[in-house]
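Number of protein chains: 4
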Amino acid sequence: MTLTPLTGVIPPVCTPLTPDREVDVPSLLRLVDHLVAGGVSGLFVLGSTSEAAYLPDRQRRLVVESVAAHVSGQLPVLAGAIDMTTARVLDHVASVTAAGADAVVVTAPFYARTHPAEIARHYRAVAAGSPVPVIAYDLPVAVHTKLPADVVLELAADGVLAGLKDSSGDLAAFRQVLTGARDHQGITGFSVLTGSELIVDAALALGADGTVPGLANVDPHGYVRMDRLCRSGDREEARAEQERLCALFGMVTVGDPARMGPGSSAIGAFKAALHLRGVIDCPATAEPQVPLSPDEVERVGKYLAAAGLL
Amino acid sequence: MTLTPLTGVIPPVCTPLTPDREVDVPSLLRLVDHLVAGGVSGLFVLGSTSEAAYLPDRQRRLVVESVAAHVSGQLPVLAGAIDMTTARVLDHVASVTAAGADAVVVTAPFYARTHPAEIARHYRAVAAGSPVPVIAYDLPVAVHTKLPADVVLELAADGVLAGLKDSSGDLAAFRQVLTGARDHQGITGFSVLTGSELIVDAALALGADGTVPGLANVDPHGYVRMDRLCRSGDREEARAEQERLCALFGMVTVGDPARMGPGSSAIGAFKAALHLRGVIDCPATAEPQVPLSPDEVERVGKYLAAAGLL
Amino acid sequence: MTLTPLTGVIPPVCTPLTPDREVDVPSLLRLVDHLVAGGVSGLFVLGSTSEAAYLPDRQRRLVVESVAAHVSGQLPVLAGAIDMTTARVLDHVASVTAAGADAVVVTAPFYARTHPAEIARHYRAVAAGSPVPVIAYDLPVAVHTKLPADVVLELAADGVLAGLKDSSGDLAAFRQVLTGARDHQGITGFSVLTGSELIVDAALALGADGTVPGLANVDPHGYVRMDRLCRSGDREEARAEQERLCALFGMVTVGDPARMGPGSSAIGAFKAALHLRGVIDCPATAEPQVPLSPDEVERVGKYLAAAGLL
Amino acid sequence: MTLTPLTGVIPPVCTPLTPDREVDVPSLLRLVDHLVAGGVSGLFVLGSTSEAAYLPDRQRRLVVESVAAHVSGQLPVLAGAIDMTTARVLDHVASVTAAGADAVVVTAPFYARTHPAEIARHYRAVAAGSPVPVIAYDLPVAVHTKLPADVVLELAADGVLAGLKDSSGDLAAFRQVLTGARDHQGITGFSVLTGSELIVDAALALGADGTVPGLANVDPHGYVRMDRLCRSGDREEARAEQERLCALFGMVTVGDPARMGPGSSAIGAFKAALHLRGVIDCPATAEPQVPLSPDEVERVGKYLAAAGLL
């Protein structure tokens, strides 16, 4: 099974919760509709922005089942299989593919200290046990290891990896994978995706296939518009659109750093924005994240208004 | 439900695997017998040395069930509930307590970026949902956050935490918890345990209640002897015993750092030693750890011989 | 005294040494001529690529005097004033400006643990004591602190900073300074320079004023050509030129990581390349850097040949 | 030239400043008298607690000259030669030994990224150029590298290093040097000193030769008393004294972390305490440290009062 290279905007889909922290499926499906209406070309569920790290297994499965059934093949559904090491990841792979995922997204091992040789071994074992393509997820802020470009390229050449979702923020290393994959005869159909939502225009100019911006939950039209501007060569307009989205992204800082971590603030802001925009019913985030205060939510609203989204 | 303070040696029990990476229950129970015969006063299953991060849920449960049934209340069984965030940890708490664990051992949130307020919130929610006492596990090398002493003491005073297992290596911070817990009127029965196997004598001299040394899998008698020497005030003999164990601990460096990470080397060495000593049937470690080479295993044997254990 | 925004290529000039580690002034001046012939628009001496951290004060001064006298105002000479804290930096500022520097380049405090408020205080005091404009040098790999964008912008608005040389590799944060400086009414003539030599095309597309690429020592023509292509809107050709330079940059990895650190390898490669190209007399690097082996130097030669530079 | 192993308490001497940030020599000499009266067995000037990172060269020299002349050989004067790399450190070595230092204290290279081979090369070159013994200074919080125990022991065996001042907080690694130095036939007269002021009793119990506690500026008698209690085997009384000093050390947290870094708070508290105790004339700290507020100084006073020092 292979994927043609993924292109366009493939947002990491937020997971709306009810006030008692159950998955709010109707809100989730409304969010999916909102994204599809915005023109996205795929969906990435159970990523970091989806609070995958917070969702117990039954909630993870429910998310994939609900979304896969809802879109029923109209666009690809990628699912995170986020866990510490190989055997645990393989259990998630089995679960999300049974639930309908078209590809899995997998980080380097974490919690356990790791090594490039162990990272390669990990992806080889996961790919051997996965019925769907495996996309590497480079997220040093979460797993505390940067995926080495040479390891990614070796695994791509061996057909182990079908793509890379790079959220490292290191555009020079991203470029190394991009040009390496392009110039290597043995690598075909490999999708190089950026998760760096503030420099999407730059990543596309370097040759990225597609983008996975968390902020696209809030403004999918904006990211889709920028993607099209980039592809049509309207780089100055793309830059202007990106800068508008960068300003909107400022919402992730509304949470008081004396009271909460940056994750609580960012996820809280995205969900508050989706709630204010009427897409989801409740802005609750999963435990142990600290909720935004009413004042902080009000500031999210101002970011939306400034971006013309309210 | 409360624990009187845990004392003595409570080793993090290795998880023997078969060549095809299933839990080798007979070897596990022989290892438990070996530890009990060595004089340990409790067992900690599903810790880092147990490869908890590598074991899928069904294997985790099998470990707890097997050990709890085998010791059937003769000594307390602590079980790690190692996962990223609150709801996922609570699922493990339910599983390991159903399987017979007497207490759960829980880290700060990881993968998700965290904050002291979120750490406190996490432990409060876990304790509220746990039928057994909760012991905090301070392991910055894995979770990339140090548990702040003031947070631990606040949670101890509020009855949220029943103890601390400190594997941070930071003895000054450990002392702050020790003296804080001792001097605070509202804190009773709080167990302060060190996982720093190379400075157990120092930790006990500061007032630690007990110790959780990974190397005690290999030489439980040594750690129990040292514990008794410390308690009886024979500090120079305790120091000599600790230094013998420090030399033995050198085995964790046998793995070639060009070929594997420090975890593969350390866990591989402990399991090779248990295999060489005839305690377990197979030294296999879980994927994606890199196995020791025959030469490296031979060097483990030399460490055992030098310590009088072969 | 103000600078109009610096534009074009302003290489951090290597410091050629004699075999006994004295500054080789004739080679240094030949290198300057090589860079000027390549079309650079300024020179940055005593940067990290210049081994400023390795040069004692008398060598630092000799470098600035020699270069400033040689170019005698034809193009601006920026000089690093690299030291741990305020008073020490001010001594370097006095020394390099007496020697003819047109601007000073200053990092956040290092060695001492620091804080945004202390970073701001540091730059304010340095600027108050400097007869020439002060450019902030963002180099987290060396100083272990990232300059916060809001601090940089506040200092720019207050006239404390005349520019930023960003070698953080974090293009999203770089963009925040770029757009912030552009959109703030109170900020004029502020130079935003990138030191990320592998993504210069991307940085210029975002609006960077100029570039400070270490690799431009080896191939100034390439960087100047790319700069012109970017400015004339030939983005695809600029990208091709950048990719050629990225391949050339591979030379920084020739040093065996078992035998030396990445700095020894990178500086050693640049100097070996300059020696092989006949620009400098001796490829020696300062102590305690480990020299490249003959084999490693030969590999540098292959990189040069592949890039058409030998 | 060799040192017999240094023993007892060798405080890193604070550097009193005048309100305009000049070295206040009369206060410095009163501080030295205060320390000598407290029973210290040596003095370490130009360490981190001395604000060496903040003092320009002429102030550094003045400190050494003043102190060396004042004690005129009654007790050894160690001086930091704190700089980034070899040649710069050698300039400081020349300066402080000309000013009368009996030994120099030198960190691993910093700012430049380093490697164990480069660290060894650094110490070999420094020792070759130093007329006095060289003591390694392990201070990862400042230089962002931990001195590997095997490198320290190799350099000790080769006569390159005369001692180690360990401020890493890693007591297990400290023990490795201690026992390695003790058991190696080729190592004689090597001084193993701890800078971890909160676990001095533990370090001495492990066999440390002496201690370098910053807090001994404030309470030299306390550290000298504890040192004597440890040596005479009164370990419980030593522990009680250490715990009293740990409580006193709490003063380092008085500074508001929203307003300053931990260094400003700690150095500010030590100097405020010395000022409140009447030892120095002015509590000023060097730029760009943020001064304590009057309220914060008042809290320092409460720590002194609680410890019976006001």
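Protein chains in written order, with this note's numbering: chain E, 107 to 416; chain Z, 107 to 416; chain R, 107 to 416; chain C, 107 to 416.
Glycine included, C-beta positions come from ideal geometry on N, C-alpha and C.
Worksheet item: For a contact meaning CB atoms closer than 7 Å, what does R281(Z) contact in chain C?
Response: Locating residue 281(Z) in the second sequence gives position 175, counting from the first residue. Within chain C, the residues near R281(Z) are L304, I305, C352.
Fill in: Alpha-carbon to alpha-carbon, V306(R) and T300(E)
On the first sequence, position 194 is the one that residue 300(E) refers to. On the third sequence, position 200 is the one that residue 306(R) refers to. Looking at the two C-alpha atoms, the distance is approximately 18 Å.
Practice prompt. Helix, strand or coil for K377(E), going by three-state DSSP, please let me know.
Written response: As a first step, residue 377(E) must be located in the first sequence, where it is residue number 271. Three-state DSSP puts K377(E) in a helix.
Discussion item. If you follow the alpha helix (DSSP H) that G301(Z) is in, where does it begin and where does it stop?
Written reply: Within the second sequence, numbered from 1, the residue matching residue 301(Z) stands at position 195. Where G301(Z) is concerned, there is no enclosing alpha helix (DSSP H), given that its DSSP letter is neither H nor E.
Fill in: N- and C-terminal bounds of the beta strand (DSSP E) containing L270(E)
For the purposes of this step, residue 270(E) is identified with residue 164 of the first sequence, where counting begins at 1. Element bounds for L270(E): 269-272.
Worksheet item: How long is the line joining the alpha carbons of R219(E) and L410(E), rounded to whole angstroms?
Response: Stepping through the first sequence from its first residue, residue 219(E) is reached at position 113. Stepping through the first sequence from its first residue, residue 410(E) is reached at position 304. Using only the alpha carbons, I get a separation of about 41 Å.
Item to complete: Go ahead and label P319(E) buried or exposed: buried means 16 or more other beta carbons lie within 10 angstroms of its beta carbon, across all protein chains shown.
Response: Against the first sequence, residue 319(E) aligns to sequence position 213. When all chains shown are included, P319(E) counts as buried.
Worksheet item: Do you know offhand how far A234(E)'s Cα is from V195(E)'s?
Response: Here residue 234(E) is taken as the residue at index 128 of the first sequence, counted from 1. Here residue 195(E) is taken as the residue at index 89 of the first sequence, counted from 1. Straight-line Cα distance between these residues: approximately 12 Å.
Worksheet entry | Proximal chain C residues relative to H228(R), where beta-carbon distance stays under 9 Å | The residue you call residue 228(R) lines up with position 122 of the third sequence. Result: E393, P394.
Item to complete: Taking only beta-carbon positions, decide if M332(R) is within less than 7 Å of chain C.
Response: One-based indexing of the third sequence puts residue 332(R) at position 226. Answer no: the Cβ-Cβ gap between M332(R) and chain C never drops below 7 Å.
Discussion item. So if I threshold CB-CB distances at 8 Å, which residues from the region 340-370 of chain R count as touching chain E?
Written reply: R341, R345, E349, C352
Item to complete: Spell out the partners DSSP gives T121(Z) in its beta bridges.
Response: Locating residue 121(Z) in the second sequence gives position 15, where the first residue counts as 1. Partner(s): none; T121(Z) has no beta bridge.
Worksheet entry | Complete alpha helix (DSSP H) runs within the region 343-390 of chain C (minimum length 4 residues, chain order) | 368-382
Item to complete: Keeping to the same chain, check which residues put their C-beta closer than 7 Å to that of A287(R); ignore five residues upstream and five downstream.
Response: As a first step, residue 287(R) must be located in the third sequence, where it is residue number 181. Answer for A287(R): L259, A262, I293, F296, V298, listed in chain order.
Worksheet item: What residues of chain Z sit near F216(E), judged by a beta carbon separation below 8 Å?
Response: The residue labelled residue 216(E) in the question sits at position 110 within the first sequence. F216, Y217, listed in chain order.
Discussion item. By DSSP's criteria, T213(R) is part of a beta bridge. Which residues make up the other side?
Written reply: Your numbering for residue 213(R) matches position 107 in the third sequence. Bridge partners of T213(R): Y243(R).
Worksheet item: Looking at the structure shown, is L261(C) part of a helix, part of a strand, or coil, going by DSSP?
Response: By 1-based counting over the fourth sequence, the position of residue 261(C) is 155. It is helical.
Item to complete: Return no unless some Cβ of chain E is closer than 7 Å to the Cβ of R166(Z).
Response: If you number the second sequence from 1, residue 166(Z) lands on position 60. No - not a single Cβ of chain E is within 7 Å of the one on R166(Z).
Worksheet item: What are the partner residues of G316(R), as DSSP defines its beta bridges?
Response: Here residue 316(R) refers to the residue found at position 210 of the third sequence. Beta-bridge pairing links G316(R) to G114(R), L299(R).
Worksheet item: Count the other CB atoms within 10 Å of the CB of S273(E); is the residue buried (16 or more) or exposed (fewer)?
Response: Here residue 273(E) refers to the residue found at position 167 of the first sequence. Result: buried.
Item to complete: Please report the residue range of the beta strand (DSSP E) in which V330(E) lies.
Response: Residue numbering aside, residue 330(E) sits at position 224 when the first sequence is read from its first letter. Not the beta strand (DSSP E): V330(E) falls in the alpha helix (DSSP H), residues 326-337.
Discussion item. In the DSSP assignment, the beta strand (DSSP E) including V183(R) goes from what residue to what residue?
Written reply: What you label residue 183(R) is simply residue 77 of the third sequence in a count that begins at 1. Run containing V183(R): 183-186, per the beta strand (DSSP E) assignment.
Discussion item. If the criterion is Cβ atoms closer than 7 Å, does the pair H198(Z) and P215(Z) meet it?
Written reply: Residue 198(Z) sits at position 92 when you count from the first residue of the second sequence. Residue 215(Z) sits at position 109 when you count from the first residue of the second sequence. Not a contact, by the Cβ cut-off of 7 Å.
Fill in: Identity of the residues DSSP links to V129(E) by a beta bridge
Within the first sequence, numbered from 1, the residue matching residue 129(E) stands at position 23. L123(E), per the DSSP bridge assignment.
Fill in: Continuous beta strand (DSSP E) stretch holding V151(E): start and end
Counting from one through the first sequence, the residue named residue 151(E) turns up at place 45. Here the beta strand (DSSP E) through V151(E) covers 149-151.
Worksheet item: How long is the line joining the alpha carbons of A204(Z) and A175(Z), rounded to whole angstroms?
Response: Residue numbering aside, residue 204(Z) sits at position 98 when the second sequence is read from its first letter. Residue numbering aside, residue 175(Z) sits at position 69 when the second sequence is read from its first letter. Using only the alpha carbons, I get a separation of about 12 Å.
Item to complete: Identify whether D256(E) lies in helix, strand or coil by the three-state DSSP scheme.
Response: As a working mapping, residue 256(E) is identified with position 150 in the first sequence. Three-state result, D256(E): helix.
Worksheet entry | CB-CB length for V238(R) against A207(R), believed under 8 Å | Start at 1 with the first residue of the third sequence, and residue 238(R) comes out as number 132. Start at 1 with the first residue of the third sequence, and residue 207(R) comes out as number 101. The Cβ separation is near 6 Å, so the contact holds.
Worksheet item: What is the DSSP secondary structure of D189(C), counted as helix, strand or coil?
Response: Here residue 189(C) refers to the residue found at position 83 of the fourth sequence. Of the three classes helix, strand and coil, the one that applies to D189(C) here is coil, per DSSP.
Worksheet item: Are there three or more Cβ pairs, one per stretch, closer than 8 Å when the region 307-317 of chain C is compared with the region 328-342 of chain C?
Response: yes
Fill in: CB-CB length for A223(C) against R365(R), believed under 8 Å
Along the fourth sequence, one-based indexing puts residue 223(C) at 117. Along the third sequence, one-based indexing puts residue 365(R) at 259. About 6 Å; that satisfies the 8 Å criterion.
Worksheet entry | DSSP three-state assignment for D208(C), whether helix, strand or coil | Indexing the fourth sequence from 1 puts residue 208(C) at position 102. Coil at D208(C), not helix or strand.
Item to complete: Would you mind stating whether S371(Z) and Q395(Z) have Cβ atoms separated by less than 7 Å?
Response: For the purposes of this step, residue 371(Z) is taken as the residue at position 265 of the second sequence. For the purposes of this step, residue 395(Z) is taken as the residue at position 289 of the second sequence. Against a cut-off of 7 Å, the Cβ pair of Q395(Z) and S371(Z) comes out as no contact.
Worksheet entry | D197(Z) at chain E interface by Cβ criterion, 7 Å | Working through the second sequence from its first residue, we reach residue 197(Z) at position 91. Yes, contact with chain E.
Worksheet item: Between the region 350-362 of chain R and the region 145-156 of chain R, do three or more beta carbon pairs fall short of 8 Å?
Response: no
Discussion item. Quick check: V232(Z) and A255(Z), are their CB atoms within less than 7 Å of each other?
Written reply: Within the second sequence, numbered from 1, the residue matching residue 232(Z) stands at position 126. Within the second sequence, numbered from 1, the residue matching residue 255(Z) stands at position 149. Cβ distance not < 7 Å, so V232(Z) and A255(Z) don't count as in contact.
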